[in-house]
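Asks: Sequences listed follow chains A and B, in order.
Each residue of the first sequence is one higher than the one before, starting from 1179 at the first, in my numbering.
Each residue of the second sequence is one higher than the one before, starting from 807 at the first, in my numbering.
Using N, Cα and C, we set each Cβ at its ideal position, and we do this for glycine too.
Only a predicted model underlies this, so the values are computations on that prediction, with no experimental measurement involved.
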Amino acid sequence: DSLSIHQLAAQGEVSQVAAHLSKDSSLLSRQDERGFTPLMWAAAFGEKAMVDFLLEKGADPKTVARERESALTLASSGGYVDIVESLLGHGVDIDTYDWNGGTPLLYAVRGNHVKCVEALLAKGADMTIESDSGYSPMALAVALGHKKIQKVLEDHILKLY
Amino acid sequence: SQLSLYTSPSLPNITLGLPAT
C-alpha cells in the first residue's frame, strides 16, 4: 500500500518524495489523469516546504493541467500567499487563464484572500482580465461583497494614476 | 495501515451563483 507521488506531495511527505525521485527522477514532472503535477498537488494543499523542495529539484512551475490549471491558480484559490510568492519568484505567467474562466487574481478575489490579491497586484497582475461570465476582479469583489478586497483593488487603481 | 487519500485538487467555478453580467 504505497501512496502515489501526487498524494505524497499533497501530504507534505518530503523525505518520501525525495526517496521516490532518487529512484525515478521523471516522477518530478509526472502528470496525473487530469494533468496535475506533484507541484500542483503540493500548491493546492498549501504544502510550502514541498513546493520549495520540488522547485529546487527542478519542477517546472509553468506546466499547466488539462484545463489549463496552474500551480499559481491553485495556490491563489487556496489563499496560500507564501506559495504564490514562491511561484511568482520562479517566473510563472501571472495572468494564466484557464478553461474554468479565471486568472490567479480572479481566484484570489473569489476566495476572499486579501494577501494573495495584494501579492498578485504587487507583481503586476492584470486587473482588466474578466472571467468567462464577464466579471472583472473589481466587479467580482463587489458582487461577492468582499469589501476588503474591493478596497485593495481601489487603492491599487489609485496608485496607478 | 489505513492510507488517507486526498481528493484531487479542483478549482471553484468563479462566478457560481452570481447573475450573468
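Is the CB of Asn-1278(A) under 8 Å away from at least one CB in chain B?
Replies: Output row for Asn-1278(A): interface = yes.
Asks: Quick check on Ser-1182(A): does DSSP put it in helix, strand or coil?
Replies: Coil at Ser-1182(A), not helix or strand.
Asks: Strictly by DSSP, which residues pair up with Ser-1248(A)?
Replies: The partner list for Ser-1248(A) (beta bridge, DSSP) reads Val-1242(A).
Asks: Taking C-beta pairs closer than 9 Å, name the residues in chain B that Ser-1204(A) reaches, listed in chain order.
Replies: What Ser-1204(A) touches in chain B: nothing, since even the nearest Cβ is about 21 Å away.
Asks: To the nearest angstrom, how far is the alpha carbon of Glu-1245(A) from that of Lys-1329(A)?
Replies: Straight-line Cα distance between these residues: approximately 31 Å.
Asks: Do His-1268(A) and Pro-1315(A) have their beta-carbon atoms positioned less than 8 Å apart in this structure?
Replies: No, the pair does not count as a contact, with Cβ atoms beyond the cut-off.
Asks: Just the Cα atoms here: how many angstroms apart are Leu-829(B) and Glu-1247(A)?
Replies: This structure does not reach residue 829(B), given that chain B is present from 807 up to 827, and the question cannot be answered.
Asks: Quick test of your reading: Tyr-1285(A) and Thr-1251(A), contact by CB under 8 Å. State the CB separation rounded to the nearest angstrom.
Replies: Confirmed, Cβ separation roughly 5 Å.
Asks: Look at the alpha carbon of Val-1292(A) and the alpha carbon of Asp-1276(A), and state the distance between them as a whole number of angstroms.
Replies: Distance between the alpha carbons of Val-1292(A) and Asp-1276(A): 21 Å.
Asks: Report the rounded CA-to-CA distance for Glu-1296(A) versus Pro-1282(A), giving the unit in angstroms.
Replies: Computed Cα separation, rounded: 12 Å.
Asks: Taking 8 Å as the threshold (beta carbon to beta carbon), is Gly-1302(A) in contact with chain B?
Replies: Cβ-Cβ to chain B under 8 Å: no for Gly-1302(A).
Asks: Just to check my reading of the structure: Met-1218(A) and Gly-1190(A) have Cβ atoms closer than 8 Å, yes? What is that Cβ distance to the nearest angstrom?
Replies: Wrong, their Cβ atoms sit about 14 Å apart, outside the cutoff.
Asks: Kindly indicate if chain B contains any beta-carbon less than 8 Å away from that of Phe-1342(A).
Replies: With chain A covering 1179 to 1339 only, the question about residue 1342(A) has no answer from this structure.
Asks: Could you check whether the Cβ of Tyr-1258(A) sits closer than 8 Å to any Cβ belonging to chain B?
Replies: No - not a single Cβ of chain B is within 8 Å of the one on Tyr-1258(A).
Asks: Give me the Cα-Cα distance between Phe-1231(A) and Leu-822(B), rounded to the nearest whole angstrom.
Replies: Going by the C-alpha atoms only, they are around 35 Å apart.
Asks: Quick one: what's got a C-beta closer than 7 Å to Lys-1235(A)'s C-beta in the same chain, skipping five residues either side?
Replies: Here the set comprises Leu-1199 and Leu-1206.
Asks: Under 8 Å between the Cβ atoms of Leu-1233(A) and Val-1262(A)?
Replies: Result no, Cβ atoms of Leu-1233(A) and Val-1262(A) do not sit closer than 8 Å.
Asks: Determine, using beta carbons only, whether Ile-1272(A) and Ala-1221(A) come nearer to each other than 8 Å.
Replies: It is not a contact, given that the beta carbons lie outside the stated cut-off.
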